[in-house]
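Single-structure report; data block below.
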Amino acid sequence: MARTKSGAGDSAEAPTPKTQKKPKKQRWYHQVWAAYKMTKRQDPLVTWVMLAVFVGILAAALLIGFLTNHPIYATIVGLPFALLGAMFVLTRRAERAAYTQIEGQPGAVRAALGTVRGGWNFDDEPVAVNPRTQDLVFRGVGRPGVLLVSEGPAHRVGRLLEDERKRVARILPNVPITTMQCGNDDGQVPLPKLAGKVRKLKKQLTRPEVAEVHKRLRALGGARLPIPKGIDPTRARPDRKGLRGR
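Going by UniProt numbering, the sequence shown opens with residue 1, and the numbers climb by one from there.
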């Protein structure tokens, strides 16, 4: 009997799938607040700009109300537009702050390409890497064809980008290939404008052709930085005794 009670007690204490709490979904206003705090760190004037837009739209609505002898009605109608105007300013400034925050970091190009929609498929890993300079090339496939985007100074990435273009052309000789250099040098596309530049590319392939191209490119694979796991490359030091010989 003692064993039976003990077993019953253990089964009662064991958590069941029904008793496990599900993670709470983040409310929309929490997301807006997080975006506002992130933006304010990069752009301290965002609060005043949002307030100016809100007050300006509300004042314009109130003025129209006085001219039409319906100030209260115009204010009620203008309030949602004032909120939308302030939210539009926050969205634009938050996007700019996000690009400012990641600009100059390895993989910033991939993060910017992740905002592109419309049937594009971008590899998470770079397809070409210069281990010495950390210059990267990312690849995507969409209706305009194959897109190769480099990350690094213009005087260095040209050769790396061209080599990758030739490699893709050998596998897909009849598929259009577009190359772009992302950066702040002359002739390069700035990071905040990269997604818009990609969206403007002309569509030349059908959806089944895009799927076939993506399937064939998967055989090429990607390129990873040749860094052993568990080693911090910023703190790695050579073995000087080993270089001199023991």
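Even glycine gets a Cβ: it sits at the ideal position worked out from N, Cα and C. In this text, all values refer to a predicted model and were calculated from it rather than measured experimentally.
Query raised in the report: Grouping DSSP H, G and I as helix and E and B as strand, with all else coil, what is A128?
Result: By 1-based counting over the sequence shown, the position of residue 128 is 128. Here A128 sits in strand by DSSP.
Query - Per DSSP, cross-strand counterpart(s) of V213 - result: For this step, residue 213 is matched to residue 213 along the sequence shown. Beta-bridge pairing links V213 to no other residue.
Query raised in the report: Which residues in the same chain have their Cβ closer than 6 Å to the Cβ of F122, if we skip the five residues on either side of it in sequence?
Result: Locating residue 122 in the sequence shown gives position 122, counting from the first residue. L113, G140, listed in sequence order.
**Report entry** Inter-residue spacing [alpha-carbon to alpha-carbon] between P80 and K40
**Finding:** To locate residue 80, count along the sequence shown from 1; it is residue 80. To locate residue 40, count along the sequence shown from 1; it is residue 40. Each residue's Cα considered, the two are about 23 Å apart.
Query raised in the report: Do you know offhand how far E103's Cα is from L191's?
Result: Numbered from its first residue, the sequence shown carries residue 103 at position 103. Numbered from its first residue, the sequence shown carries residue 191 at position 191. Near 7 Å, if we compare the C-alpha coordinates of L191 and E103.
Query raised in the report: What's the C-alpha gap between A128 and V157?
Result: Position 128 of the sequence shown, counted from the start, is the residue given in the question as residue 128. Position 157 of the sequence shown, counted from the start, is the residue given in the question as residue 157. Those two C-alpha atoms are separated by around 10 Å.
Requested in this report: With distances taken Cα to Cα, identify the nearest neighbour of L205 among P144, I57, P131, M87.
Outcome: Along the sequence shown, read from residue 1 onward, the residue named residue 205 stands at position 205. When each option's Cα is compared against that of L205, the closest is P144.
Requested in this report: With a 10 Å radius around its C-beta and 16 neighbouring C-beta atoms as the bar for buried, classify G85 as buried or exposed.
Outcome: Sequence index remark: in the sequence shown, residue 85 carries index 85 (1-based). That one is buried.
Requested in this report: State the DSSP-derived secondary structure class of L58, mapped to helix, strand or coil.
Outcome: As a working note, residue 58 is residue 58 in the sequence shown. L58: helix per DSSP, three-state reduction.
Query - Assigned secondary structure, L51 (DSSP; H/G/I helix, E/B strand, else coil) - result: On the sequence shown, residue 51 is found 51 positions in, with the first residue counted as 1. Residue state, collapsed to three classes: helix.
Query - Coarse secondary structure for L75, derived from DSSP in three states - result: As a working note, residue 75 is residue 75 in the sequence shown. It is worth fixing the name first, because residue 75 is Thr in this sequence and not Leu. Correct three-state label for T75: helix.
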